[in-house]
Amino acid sequence: MKSHSLIAVLGMFAALTVALSGCSSTKAPEQAAAATDTSGVKVSGKSNSLFGFLKPYRIDIQQGNFVSKEMVAQVRPGLTRDQVRFVLGTPLLNDMFHSNRWDYDFRLAKGNGEIMSSRVSVFFKDDLVEHVDGGENLPTESEYLTLITNAKVGAKAAFTNNSDVKPASPEAPSSAKQ
Numbered sequence: 014m015k016s017h018s019l020i021a022v023l024g025m026f027a028a029l030t031v032a033l034s035g036c037s038s039t040k041a042p043e044q045a046a047a048a049t050d051t052s053g054v055k056v057s058g059k060s061n062s063l064f065g066f067l068k069p070y071r072i073d074i075q076q077g078n079f080v081s082k083e084m085v086a087q088v089r090p091g092l093t094r095d096q097v098r099f100v101l102g103t104p105l106l107n108d109m110f111h112s113n114r115w116d117y118d119f120r121l122a123k124g125n126g127e128i129m130s131s132r133v134s135v136f137f138k139d140d141l142v143e144h145v146d147g148g149e150n151l152p153t154e155s156e157y158l159t160l161i162t163n164a165k166v167g168a169k170a171a172f173t174n175n176s177d178v179k180p181a182s183p184e185a186p187s188s189a190k191q
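Each residue of the sequence shown is one higher than the one before, starting from 14 at the first, in my numbering.
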């Protein structure tokens with residue numbers, strides 16, 4: 014009888030450990046400090062599994078502005094702030110003490126523990142772009158899409174050729190007719 018209660022207690026402890034493992038962080042302190050470089054893209058970390066085979070589900074968390082290689086190529090000296098905002102979007106960091114600098118930080122924490130981060134800084138002089146820091150090793154837009162969808166690099170979306178689909182009519186919908 015005593016062995017049955019010991020097995021029950023051990024089973025409850027194992028179940029509690031598995032349940033709480035989804036709430037804990039799997040990043041070691043050295044992995045958290047790995048992405049300190051401000052140029053290009055850093056990919057670090059892999060999550061550990063519990064008991065070697067249990068992996069709790071974790072969602073992907075994206076923070077900041079994704080800036081691609083193509084976007085940075087469009088930013089050149091002489092562009093106005095509005096033109097930069099049109100190309101790169103609103104900056105994540107706009108420091109009131111450094112009003113001539115816009116920082117575009119990006120961080121993608123994948124559910125498997127990989128962390129991708131990048132930083133692009135745009136410097137202005139007289140409200141015109143003076144120079145851009147960072148962005149040397151940024152992914153292209155297609156590389157980023159394959160990264161977030163876990164597809165193979167260079168894979169194309171498969172569209173079916175359905176002959177039943179008819180092109181849209183140039184007429185207004187029937188509910189709009191009087």
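We put the CB at the ideal spot given by N, CA and C, even for glycine. Since the structure is predicted, the reported quantities are computational estimates derived from the model, not experimental observations.
Bridge-paired residues (DSSP) for S81:
In DSSP, S81 forms no bridge with anything.
Please identify the residue among I20, H144, R71, N125 whose C-alpha is closest to the C-alpha of D116.
The shortest CA-to-CA distance from D116 to any of I20, H144, R71, N125 is the one to H144.
Element boundaries [beta strand (DSSP E), containing E143]
Per DSSP, E143 is one residue of the beta strand (DSSP E) stretching across 141 to 146.
Taking buried to mean at least 16 other C-beta atoms within 10 Å of its own C-beta, is R132 buried or exposed?
Buried, since its Cβ has 16 or more Cβ neighbours within 10 Å.
My understanding is that V80 touches L101, with C-beta atoms under 8 Å, so please give their C-beta distance in whole angstroms.
Contact holds; Cβ gap of about 6 Å.
Please report the straight-line C-alpha distance between M129 and A21, rounded to a whole angstrom.
Going by C-alpha positions, M129 is about 43 Å away from A21.
Quick check on DSSP: helix, strand or coil for R89?
Here R89 sits in coil by DSSP.
Going by DSSP in three states, S131 sits in which element: helix, strand or coil?
It is a strand residue.
Rounding to the nearest angstrom, what Cα-Cα distance links R94 and T103 in this structure?
C-alpha separation (whole angstroms): 10 Å.
Do P152 and L160 have their C-beta atoms closer together than 8 Å?
By the CB criterion at 8 Å, P152 and L160 fall inside the cutoff.
Within the 8 Å Cβ cut-off, does P104 reach chain C?
Considering every chain present, this structure includes no chain C. It has just one protein chain.
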